[in-house]
Amino acid sequence: MGGETERSRQPVTAPISRGGAYRDGDYARLIEARRKAGLFFARRHRWLRQPAVGTLRFAHATIALFARRLRSPVILRREGQAQRAHRPAAGIGVKELFYRRFWCSAALPCGPHVGYPWRMEPELQEIRDFLLTSPDYAVLPEPVLDRLPKLLNVRYLRRGTPFPPEESAADDLWLVRAGAVDLRDAQDELLDKLGEGDVFAVPRDVDPLNPVSGRVVEDALFYLLPGPGARELREQHPEFAERFDRASRRPMEQARAALGAGGNRSHGVLTVSVGELVTRPPVTIPPESTIRDAAERMTEQEVSALIIMSGDELVGIVTDHALRKRCLAAGRSRQEPVGNIMSSRLQTVTRETPAFEALLMMSRQDIHHLPVMSGQQPVGLISTTDLIRHQGTNAVYLVRDIRRCESVEALSQVAGSLPELQIQLVQSGATAFHLGQAVTAVIDAITRRLLKLAEAQLGPSPVPYAWLACGSQGRREQSVHTDQDNALIHADSKDEAVDAYFARLAEFVTDGLDACGLPHCPGNVTPANAEWRRSVSGWQKEFSRVTYTPDMKRAMLAAHYFDLRVIHGDAGLFDPLRSEALTRVRGQPPFLAQMARNALRRSPPLGFFRQLVLVPSGEQADTLDVKKQGLLLISSLAQVYAFQGGLAGMHTLDRLAGAVHAGVITRDAGENLCDAYETLFTLRARHQVDQVKAGEAPDNHIPPKTLSALERAHLKDAFAVIGTMQKNLRSRLAAKGTL
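So the sequence shown is residues 9 to 747, counted in the numbering used here.
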């Protein structure tokens with residue numbers, strides 16, 4: 009076959025003696041066999057004399073695992089006994105690749121050479137290079153890393169093997185070279201998944217109340233540093249000891265900690281609470297005091313707002329803006345009670361409220377002061393001035409500038425600051441939740457302003473309507489690289505001119521968004537398309553159609569529909585409709601099953617031995633689409649959990665938290681998915697910031713080669729979590745017979 013001779017198909021024999029050294033005369037025969045077959049697996053090292061480390065078992069098992077790629081049978085002979093693995097192969101190139109990578113370099117010697125004519129430096133160097141990719145070992149000095157490979161034992165554990173093995177001693181350090189391990193608690197809940205580059209430290213003391221057991225879930229290869237050597241390194245290198253002590257932390261927790269440490273978090277508005285920014289007690293005045301008294305008190309205390317108190321009750325707030333607009337401009341008497349011009353519908357925060365959440369609240373409500381409460385009593389007043397001194401470019405000021413724009417051209421100029429906003433947020437250490445909320449708040453404001461400009465040009469709407477945001481904007485999860493996903497609902501009317509008006513309004517707004525850097529939706533999810541512009545009764549029929557008779561296409565539409573959010577207009581037109589549909593689908597197993605199947609159509613890009621699967625060719629070759637291959641997979645899972653629990657929340661993290669509270673998924677599963685989401689979102693945001701700084705158009709395609717070894721490890725952890733949760737959902741569907 010393919011020019012093979014009968015001789016080339018004969019079994020290749022690699023003799024191995026008990027002592028680990030080849031018998032006289034075997035050496036020449038081995039060289040001849042290797043020359044003919046291109047095999048590189050037979051070498052005489054002292055490690056063959058150490059059955060405790062399982063290297064001979066590794067040799068047999070690994071060859072059995074990969075021998076399917078060999079054309080010739082492989083025989084390991086030990087004192088006349090042979091173990092044979094007959095499997096087809098793909099050629100010498102594959103054999104060379106396998107044996108160079110998995111035999112010569114992976115199955116390492118654990119001691120000095122025994123008269124072997126070939127030098128081991130290249131193999132040891134490869135192990136040393138791998139140690140450098142581990143954040144735990146990379147902290148060691150160069151001379152120590154040079155010596156460390158000779159101290160390592162190589163262990164191969166088959167799938168299903170308990171981990172760590174019974175013979176493991178306290179303080180042993182297990183470094184995963186390939187494969188995967190699950191760690192579970194006494195209730196068999198998944199605590200952690202170990203993969204390539206992860207380190208597990210065997211604890212000195214086992215907690216009898218919370219024992220942790222592990223099991224190999226993919227055939228795995230380990231580099232084992234025995235306890236005595238590990239303890240010696242700990243004593244000599246405190247930085248290594250610190251990582252050693254943290255080696256059992258959940259990888260996704262490490263990811264969030266590591267990625268969050270990159271920004272300047274010491275002075276950012278993202279890292280402080282409102283209470284930390286309050287520098288003085290609130291200045292108060294009773295509602296019966298005159299407007300003149302209020303103005304004099306504000307001048308005397310040098311404040312821009314007063315809290316109105318009726319006895320011990322907070323009843324309102326008056327600002328210098330209210331004095332100008334509601335008193336001076338309106339011609340009111342300065343002797344009127346200040347209660348006549350105060351704002352009584354108050355938004356408040358507590359001392360524990362994150363300052364960034366207060367910033368978002370001001371942005372959405374277009375307000376500039378928030379009373380700070382402790383129980384029922386105000387303890388301070390926070391203003392935008394207090395917040396912006398902690399942050400340069402911010403959503404509040406962008407929204408203010410947007411509201412002042414009188415043309416699409418002016419809006420386009422303000423929208424040009426969105427990339428700078430993301431840069432500022434990333435550099436200050438914003439979480440995925442905060443970054444998505446801030447960027448979405450600005451895009452919402454741009455959309456609202458365009459709607460106001462459209463109404464000014466086209467005239468007032470003939471019937472009540474609401475503009476709906478869809479997709480990542482609907483979930484408040486946007487970044488600077490996004491397109492438009494919108495819809496429109498209007499009150500029922502038989503007048504054909506009504507739909508014509510909203511078609512023109514949709515065209516004006518979508519073209520304006522495109523001019524502001526938010527391109528038209530390539531999937532035509534836009535109110536300019538009649539399918540996404542309906543009356544109330546039209547949307548009711550559409551929700552019924554996709555929920556009562558689900559198929560793949562209708563389930564995809566339903567996923568969009570349940571992410572719709574009102575950002576302008578009459579919310580009463582749409583919110584009750586969505587709530588009713590959400591309640592209805594919870595009791596419809598066919599709908600839930602179809603939504604789950606759709607959520608499983610795409611898998612994370614993680615292949616054999618946790619290797620990243622990249623785009624093979626084209627403009628985006630050797631990259632990962634972190635949004636489509638990661639973030640959207642988590643969002644789809646979260647939406648399925650929300651349907652199962654009847655949850656109204658829309659943000660992916662809110663849905664996951666609600667699913668845990670409702671008992672749809674376990675706490676650990678929810679936390680792992682939240683951590684994975686934060687990791688992927690943060691990596692994407694940083695990638696886009698780097699592109700903006702380089703003058704490139706931001707996208708979602710990350711080349712893994714641009715990431716550090718630690719970031720790549722966290723990326724794999726995130727994808728592995730998604731894969732595990734998809735597997736769990738798939739198993740539940742199969743158990744119910746709905747897969």
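Where a beta carbon is used, it is the ideal one built from N, C-alpha and C, also for glycine.
Enclosing beta strand (DSSP E) for residue i [first to last residue]
{"i": "R386", "result": "The identity of residue 386 in the sequence shown is Pro, whereas the question assumes Arg. Segment Q385 to S391, the beta strand (DSSP E) holding P386."}
{"i": "D190", "result": "L181 to R192"}
{"i": "F230", "result": "S221 to L233"}
{"i": "A209", "result": "V207 to A209"}
{"i": "E321", "result": "E321 to T327"}
{"i": "A705", "result": "It is not in any beta strand (DSSP E) - A705 carries neither H nor E in the DSSP assignment."}
{"i": "H498", "result": "N494 to H498"}
{"i": "A313", "result": "A313 to S318"}
Residue-chain proximity (residue i, chain C), Cβ-Cβ < 7 Å
{"i": "T732", "result": "Of the protein chains in the structure, only one exists, and it is not chain C."}
N- and C-terminal bounds of the alpha helix (DSSP H) containing residue i
{"i": "P151", "result": "E150 to R155"}
{"i": "S480", "result": "G479 to G482"}
{"i": "L285", "result": "V282 to L285"}
{"i": "V552", "result": "Residue 552 is actually Ser in this sequence, not Val. Note, S552: alpha helix (DSSP H), V544 to Y556."}
{"i": "H245", "result": "Unbroken run through H245: none, as it is neither H nor E."}
{"i": "M370", "result": "A363 to Q373"}
{"i": "L443", "result": "A440 to L466"}
{"i": "P427", "result": "L426 to Q435"}
{"i": "R512", "result": "E504 to A523"}
Collapsed DSSP secondary structure at residue i in the structure displayed
{"i": "M733", "result": "helix"}
{"i": "N291", "result": "The residue you asked about is not Asn; residue 291 is Val in the sequence shown. Coil at V291, not helix or strand."}
{"i": "A742", "result": "helix"}
{"i": "K7", "result": "There is simply no residue 7 to check, as the chain begins at 9 and stops at 747 in what is shown."}
{"i": "S382", "result": "strand"}
{"i": "F570", "result": "coil"}
{"i": "N161", "result": "strand"}
{"i": "G595", "result": "coil"}
{"i": "S420", "result": "helix"}
{"i": "R257", "result": "Residue confidence is low: R257 scores 44 on pLDDT, short of 50, so the model does not pin down where it sits. Its coordinate-derived value is still stated next. Three-state DSSP puts R257 in coil, outside helix and strand."}
{"i": "I299", "result": "helix"}
{"i": "G168", "result": "coil"}
{"i": "H659", "result": "coil"}
{"i": "R342", "result": "coil"}
{"i": "L585", "result": "helix"}
{"i": "S643", "result": "helix"}
{"i": "H489", "result": "coil"}
{"i": "L600", "result": "helix"}
{"i": "T356", "result": "coil"}
{"i": "L715", "result": "coil"}
{"i": "I410", "result": "helix"}
Whole-Å CB distance - residue i paired with residue j, under 8 Å assumed
{"i": "G388", "j": "V286", "result": "3 Å"}
{"i": "G511", "j": "R541", "result": "The sequence given here has Ala at residue 511, not Gly. Confirmed, Cβ separation roughly 7 Å."}
{"i": "P172", "j": "V225", "result": "Actually they are not in contact, since the Cβ atoms of P172 and V225 sit about 14 Å apart, beyond 8 Å."}
{"i": "L181", "j": "L148", "result": "With 8 Å as the limit, L181 and L148 do not qualify as a contact, their Cβ atoms being about 12 Å apart."}
{"i": "L572", "j": "R586", "result": "7 Å"}
{"i": "R167", "j": "D227", "result": "5 Å"}
{"i": "D500", "j": "S543", "result": "5 Å"}
Cα-Cα separation between residue i and residue j, rounded to whole angstroms
{"i": "R720", "j": "Q244", "result": "29 Å"}
{"i": "V450", "j": "L476", "result": "15 Å"}
{"i": "L715", "j": "H709", "result": "12 Å"}
{"i": "Q384", "j": "D179", "result": "53 Å"}
{"i": "M317", "j": "V326", "result": "11 Å"}
{"i": "K701", "j": "L443", "result": "18 Å"}
{"i": "E247", "j": "S142", "result": "14 Å"}
{"i": "P711", "j": "T631", "result": "4 Å"}
{"i": "C529", "j": "T490", "result": "9 Å"}
{"i": "S113", "j": "S643", "result": "Bear in mind that a pLDDT of 32 at S113, under 50, signals an unreliable position, so the number given afterwards is only what the model happens to contain. Roughly 41 Å separates the two Cα atoms."}
{"i": "Q619", "j": "Q133", "result": "21 Å"}
{"i": "A238", "j": "I410", "result": "59 Å"}
{"i": "L378", "j": "P598", "result": "47 Å"}
{"i": "M350", "j": "E296", "result": "11 Å"}
{"i": "R359", "j": "M370", "result": "16 Å"}
{"i": "A726", "j": "L718", "result": "12 Å"}
Outcome for residue i when other beta-carbon atoms lying within 10 angstroms are tallied against a minimum of 16
{"i": "H695", "result": "buried"}
{"i": "P624", "result": "exposed"}
{"i": "G653", "result": "buried"}
{"i": "E432", "result": "Just to set this straight, residue 432 is Gln in the shown sequence, not Glu. Flag for Q432 reads buried."}
{"i": "D206", "result": "buried"}
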